[in-house]
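Heads up: the sequence shown is residues 73 to 415, going by the working numbering.
In this text, a Cβ means the ideal position worked out from N, Cα and C, and glycines have one as well.
Step one of this worksheet: look at the structure below.
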Amino acid sequence: STRPGQAAWERAFQVIERQVQLQVRILNDLLEVSSLSRGKAASHRERLDLRRLAEETLESGRGALEAARLTGRLEAPDRPFWVEADPTQVSQVLSNLLNNAVKFTEPGGAVTVRLAEAAGSRVEVSVRDTGIGIDREMLPHVWEVFSQADSSLDRRRGGLGLGLALVKALVELNGGEVRAESPGLGKGSSFSFLLPRLEESGETAPAASPVPAVEAVPEAVPERGAGPLRVLVIEDNVDAAETLQELLDLYGYRVAVAHSGPAGIDTARVFLPDVVLCDIGLPGMDGYAVARQLRREPEVAGARLIALTGYGRDSDRESAEEAGFDLHLVKPVEPLELRKLLG
């Protein structure tokens, strides 16, 4: 067991704190979408310069853009774009659209925020990216709650499909409308919102309100059957992987960790695990493909493969069995149950 002040205790505390903060953000989004859909939310509109707000929001998101190795720029005439809207809500709209663009654009791409006058005495703010694009059949549904354009098992992008639904609700609350455009898959996309324009004024505008850790592979690997049970964890969620690793360490097992499908295959070839605990939704290649590949590797084929995943339908269990998994466990798994299975 661990005590306050010990390294394992501090790591566990940090993991819990990060996951709680994530759940709080998700719950807040759900509550906000629910309030907006039931007409329970209000906007506090005031005179607002969209150009200044766009500059400030883009600057606030500069760190995320740089971390994702993306370029970000603002395209707008050097003058105010006056609207009457809730500054906090419009800032949230623009932040959500920027985050969405960063999430779905590969390194080396670009994100552009553009302001222009639109028909009907309106101002249009668009966030364009050079990312993965959207299939034409999916376009009408991108604003719906829990809708996701990327339904693959590649979990690099994740999300619950709340961000764009929240954008639509907030824009409509402020008397505007939203639009989504994309030439197709792989050709980028553009998300826009339009708000009624106010007349020009000389007044001063009011102020607007983890790379995964390196895979851990033991340096010296004994022959299979000698020494402690060797367990390979393949999990892209760093917190989940580290927590599981520390739990297995406490049980006395030798543990290696990989954070993607291809890394899991490479680690297995070196580590020669007795047991593989593998997530299904993985970047690079999904867990089913990992299992099929491991069954083709002569030195690893005899390992016990356990799917440890959030996918728990009967069809998911059948897919796991067909791919070569021996067991299919749905998260979260009780530690004592896991220890019993490994024992």
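Would you verify that the beta carbon of Ser132 is, or is not, closer than 8 angstroms to some beta carbon of chain C?
This model lacks chain C altogether, as it is built from one protein chain only.
Quick one: what's got a C-beta closer than 8 angstroms to Ala140's C-beta in the same chain, skipping five residues either side?
Within the same chain, Val174, Thr177 and Pro179 come within 8 angstroms of Ala140 by CB-CB distance, once the 5 residues on both sides are set aside.
Please go through the same chain and pick out, in chain order, the residues whose beta-carbon is closer than 7 angstroms to the beta-carbon of Gln365, but skip the five residues on each side of it.
Ile337
Does the beta-carbon of Ser132 have 16 or more other beta-carbons within 10 angstroms, so that it is buried, or is it exposed?
exposed
Alpha helix (DSSP H) containing Pro334: first to last residue?
Gly333 to Phe343
Quick one: grab the DSSP three-state call for Asn205.
The question names Asn, but residue 205 is Gly in the sequence shown. Coil at Gly205, not helix or strand.
Does DSSP put Thr160 in a helix, a strand or coil?
The answer is helix: DSSP assigns Thr160 an H, G or I state.
Pick out the complete beta strand (DSSP E) segments inside the region 132–187, 3 residues or longer, and give them in chain order.
Entirely contained in the region 132–187, the beta strand (DSSP E) runs reaching 3 residues are, in chain order, 143–147 and 154–157.
Based on Cα-Cα distance, which residue from Leu257, Asp311, Gly235 and Asp308 lies nearest to Leu166?
Gly235
Going by alpha carbons, who is nearest to Ala190 out of Gly144, Pro159, Leu211 and Val155?
Val155
Along the alpha helix (DSSP H) that carries Leu242, what are the first and last residues, could you check?
Gly235 to Leu245
For the alpha helix (DSSP H) that contains Ser387, what are its first and last residues?
Asp386 to Ala395
Expressed to the nearest angstrom, what Euclidean distance is found between the alpha-carbon atoms of Ser262 and Ile352?
31 angstroms
Measuring CA to CA, which of Glu390, Tyr383, Ala392 and Ser387 is closest to Lys403?
Residue Tyr383 holds the alpha-carbon nearest to the alpha-carbon of Lys403 among Glu390, Tyr383, Ala392 and Ser387.
Rounded to the nearest angstrom, what separates Thr202 and Cys350 at their Cα positions?
32 angstroms
Nearer than 7 angstroms: is that true of the beta carbon of Ala375 relative to any heavy atom of the ligand MG?
No copy of the ligand MG appears in this structure; indeed no ligand is present at all.
With C-beta atoms as the reference, is Asn246 less than 8 angstroms away from Asp158?
It is a contact, given that the beta carbons lie within the stated cut-off.
Any idea which residues DSSP pairs Phe348 with across the strands?
Per the sequence shown, residue 348 should be read as Val rather than Phe. Val348 is bridged to Leu304 and Leu377.
Determine the closest residue to Glu371 out of Val214, Gly260, Val342 and Pro355, with distance taken between C-alpha atoms.
Val342
Pro268 lies in the beta strand (DSSP E); which residues open and close that run?
Ser261 to Pro268
Taking the alpha-carbon positions, what's the Arg302 to Leu319 distance?
Going from the Cα of Arg302 to the Cα of Leu319 covers about 13 angstroms.
With H, G and I counted as helix, E and B as strand and the rest as coil, what does DSSP make of Val310?
In the displayed model, Val310 falls within a helix according to three-state DSSP.
Give the single residue among Asn171, Ala182 and Arg151 whose Cα lies nearest to the Cα of Val195.
Arg151
Can you give the Cα-Cα distance for Gly258 and Arg326, rounded to whole angstroms?
42 angstroms
Looking at the unbroken alpha helix (DSSP H) that takes in Ala363, where does it start and where does it end?
Gly359 to Arg368
What does DSSP give as the partner residue(s) for Ser193 in the beta ladder?
Ser193 pairs with nothing; no bridge assigned.
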